[in-house]
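In this text, residue positions in the sequence shown follow the working numbering: the first is 6, and each later residue adds one.
We put the beta carbon where it would ideally sit given N, CA and C, even for glycine.
Encoded as structure tokens, the structure appears first; notes follow it.
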Amino acid sequence: MNNKTKSLVLSGAAVALATPMSSALALDDVVGFGAWFNYNYDVDSDASEDRYGDLDFESFNIYANHQHGDWFFDGEVRLGAGSFQVSGAGEDADQAADRNVIGIKELAIGRHYGEEWTMTVGKTEVPFTYSRFNFWPGERLASGFGDQYNPGIRFDFDPVNNPMDMSFMYIKSQNWGTDTTSLDDGTLGHWGSNDTYHKINTLVADLGFTQGDFRYGASLQAGQLANQNIEDDSGNEITAAEEIETHWAAGLYTEGTVGAWDLAGQLVHYDQGDIDEFYSGLDNAGIDDDEWFETQGSGQVMMLSAGFNAGDWYHYGDLTGRSPDSDFDNLDDTYDLVLGTRYNYGPGWIYAELQLDNITGEDDGITGDGDAGDRDSTQAVYLTMDYYF
Numbered sequence: 006m007n008n009k010t011k012s013l014v015l016s017g018a019a020v021a022l023a024t025p026m027s028s029a030l031a032l033d034d035v036v037g038f039g040a041w042f043n044y045n046y047d048v049d050s051d052a053s054e055d056r057y058g059d060l061d062f063e064s065f066n067i068y069a070n071h072q073h074g075d076w077f078f079d080g081e082v083r084l085g086a087g088s089f090q091v092s093g094a095g096e097d098a099d100q101a102a103d104r105n106v107i108g109i110k111e112l113a114i115g116r117h118y119g120e121e122w123t124m125t126v127g128k129t130e131v132p133f134t135y136s137r138f139n140f141w142p143g144e145r146l147a148s149g150f151g152d153q154y155n156p157g158i159r160f161d162f163d164p165v166n167n168p169m170d171m172s173f174m175y176i177k178s179q180n181w182g183t184d185t186t187s188l189d190d191g192t193l194g195h196w197g198s199n200d201t202y203h204k205i206n207t208l209v210a211d212l213g214f215t216q217g218d219f220r221y222g223a224s225l226q227a228g229q230l231a232n233q234n235i236e237d238d239s240g241n242e243i244t245a246a247e248e249i250e251t252h253w254a255a256g257l258y259t260e261g262t263v264g265a266w267d268l269a270g271q272l273v274h275y276d277q278g279d280i281d282e283f284y285s286g287l288d289n290a291g292i293d294d295d296e297w298f299e300t301q302g303s304g305q306v307m308m309l310s311a312g313f314n315a316g317d318w319y320h321y322g323d324l325t326g327r328s329p330d331s332d333f334d335n336l337d338d339t340y341d342l343v344l345g346t347r348y349n350y351g352p353g354w355i356y357a358e359l360q361l362d363n364i365t366g367e368d369d370g371i372t373g374d375g376d377a378g379d380r381d382s383t384q385a386v387y388l389t390m391d392y393y394f
């Protein structure tokens, strides 16, 4: 979010998003610390039922912010299995079992040019639509477009006494080097994994217009996808970026306040080419199609969000939907719903959240966890507590 957007919804939704997920709690010229842990109970899991749920996904966070004249620095480091940097696939699944996970969510140096222009270099937030209102369940079916932090260079233009604002970013890579465990909320695997492909050389633009208590925005991104270092069935290495494809996405969104209510909505069309783009030119290396990988193809994602301020309490909901185009295994249009509330107890928040997958019960639905096909409606409960100092 840029400064104009934050001024619209800081009292509610932006606090729910930005505060626990980024360096927002660390004020200028300070080093701050935070932690969270989560209890989860999957209603449809026999193992979860036998254990009466699990207390898991801990994270200890370090926030650093510094201002020196027009220059500034922002950083966030996360330690622990709850640092949101694993996607649950391939190497990431092995990493998920490691309790000593260390990841850099944000690491950026920037400069203000007057009161209107800001330049930021490093790993910083990608200016594309808005992120969700809930905390733990995440973007769900809108994964890949919210809570993105990528290395590159970003420019923000927010003129004083002007309803227009704009942001531009060049993303060099999805994370440092070719790593895809970028601490984004990408559980759907929209941007691949360390075993498949990753995002590189991407241009992003966001244009906004503020009228009253609402901001209306349009976001666009386009760039490249590159395969990772992998081995074929014969043990021959295929080097990273031997196969490069293109991707693009465009989104329209709005967010603002009406009294005690925070309201937001977005619609995004995405296109990663044909789902079998990365088969092209690589079959000759001896790769078995069944062991190769697919992109997300093309389709639409949507999100509707609402939050209600009630003193120390904040109640919210996120409805997300994904409509893959027909070439994506003929999957059905699917919707997820997250309902939650959080309580401000002083040094942090306590969250109670209910996650409902595939609420229409589609036979061939896709979930926010990246599972596809033969999915019934499922439910999970999350209780999360965080603390900042």
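First and last residue of the beta strand (DSSP E) that includes residue i?
i	result
alanine 231	219 to 232
serine 328	318 to 329
arginine 145	Element bounds for arginine 145: n/a, residue is neither H nor E.
glutamine 360	354 to 362
tryptophan 253	249 to 263
aspartate 47	35 to 47
histidine 117	107 to 118
valine 273	266 to 276
tryptophan 122	122 to 130
threonine 134	No beta strand (DSSP E) contains threonine 134, which DSSP labels as neither H nor E.
aspartate 156	Reading off the sequence shown, one finds proline at residue 156, where the question assumed aspartate. Unbroken beta strand (DSSP E) run through proline 156: 154 to 162.
histidine 71	59 to 73
glycine 345	339 to 349
histidine 203	202 to 216
leucine 388	383 to 393
Only counting the same chain, and skipping five residues up and downstream in sequence, which positions put a Cβ closer than 6 Å to that of residue i?
i	result
valine 126	Ile114, Ile158
leucine 388	Tyr44, Ala357
glutamate 242	Glu236
phenylalanine 62	Asn43, Ala86, Gly87
aspartate 49	Thr383
leucine 22	No answer about leucine 22 holds up, because its pLDDT of 42 lies below 50 and its placement is not dependable.
methionine 390	Ile355
phenylalanine 89	Leu188
leucine 361	Leu342, Gln384
asparagine 66	Gly39, Arg83
Are the Cβ atoms of residue i and residue j separated by less than 8 Å?
i	j	result
glutamate 121	aspartate 163	yes
phenylalanine 77	serine 310	no
aspartate 398	glutamate 111	Summary: the structure shown does not reach residue 398, with the chain confined to residues 6 through 394, and so no result is reported for it.
tyrosine 392	alanine 40	yes
glutamine 3	valine 209	Nothing about residue 3 can be read from this structure; the chain reaches only from 6 to 394.
isoleucine 205	serine 224	no
phenylalanine 150	alanine 254	yes
threonine 207	isoleucine 249	no
leucine 359	glycine 345	yes
aspartate 200	serine 172	no
glycine 108	threonine 186	yes
valine 273	glutamine 305	yes
phenylalanine 435	glutamine 153	The requested residue 435 is not part of the displayed model; the chain covers only 6 to 394.
valine 106	methionine 174	no
glycine 366	proline 329	no
arginine 220	glycine 261	yes
tyrosine 275	glycine 222	no
Would you call residue i buried or exposed, if buried means 16 or more other Cβ atoms sit within 10 Å of its Cβ?
i	result
phenylalanine 394	exposed
glutamine 277	buried
arginine 83	buried
phenylalanine 38	exposed
aspartate 267	buried
glycine 213	buried
leucine 188	buried
tyrosine 57	exposed
asparagine 166	exposed
leucine 60	exposed
tryptophan 318	exposed
glycine 322	buried
leucine 30	Residue placement at leucine 30 is poorly supported in this model, since its pLDDT is 44, which falls under 50; the coordinates are not used for a value here.
proline 168	exposed
aspartate 51	exposed
histidine 252	buried
glycine 217	exposed
If I measure Cβ to Cβ from residue i and keep anything under 7 Å in the same chain, skipping five residues before and after, which residues do I get?
i	result
threonine 183	His203, Gln233, Ala245
aspartate 281	Glu299
tyrosine 46	Ser53, Gly58, Ala385, Val386
tryptophan 196	Gly149, Gln179, Thr185, His203, Lys204
threonine 129	Glu111, Ala113, Tyr154, Arg159
Only counting the same chain, and skipping five residues up and downstream in sequence, which positions put a Cβ closer than 8 Å to that of residue i?
i	result
alanine 315	Ala265
tyrosine 118	Asp75, Met124
proline 352	Tyr392, Tyr393, Phe394
Looking at the unbroken alpha helix (DSSP H) that takes in residue i, where does it start and where does it end?
i	result
serine 310	Not the alpha helix (DSSP H): serine 310 falls in the beta strand (DSSP E), residues 303 to 315.
glutamate 54	51 to 56
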